[in-house]
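In the numbering used here, the protein residues as written are 15 to 142.
All residues carry an ideal CB built from backbone N, CA and C; glycine is no exception.
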């Protein structure tokens, strides 16, 4: 599975701001590093997350919750999730249900979903 790097997420942030506006800047490098590392965590050499949908949901969850950027955190979290899904051939349809993706992202940002529920909702969106 291809995972995004910190540099890749910073590049996504720059693209999101260029396309949709917002204040630039990184609020906390450590929070970004943590958000990118968490879905890749291992124990005794084995990944803690192995299901691709759970991994994609973890990027959405951790980037959104850690809030590493000055602006655009929700947009970057969603874009990182979508890039991971697309790069790993897991995005079944390029025609996205924008309302469903937006609702998922807002629920994560509003702390209405934990990581497991984020994965469940993501799985439902991908199956629709």
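What are the start and end residues of the alpha helix (DSSP H) that includes residue 75? Residue 75: member of the alpha helix (DSSP H) spanning 66-80, first to last residue.
Residue from 134, 113, 90 with nearest C-alpha to residue 71: 134
Within the same chain, show all residues whose beta-carbon is closer than 8 Å to that of residue 90, passing over the 5 residues directly before and after it, in chain order. 23, 26, 27, 30, 77, 83
When the Cα atoms are used, what is the spatial distance from residue 140 to residue 106? 7 Å
Tell me which residues share the same chain as residue 65 and place their Cβ nearer than 8 Å to its Cβ, disregarding the 5 neighbours each side in the sequence. 133
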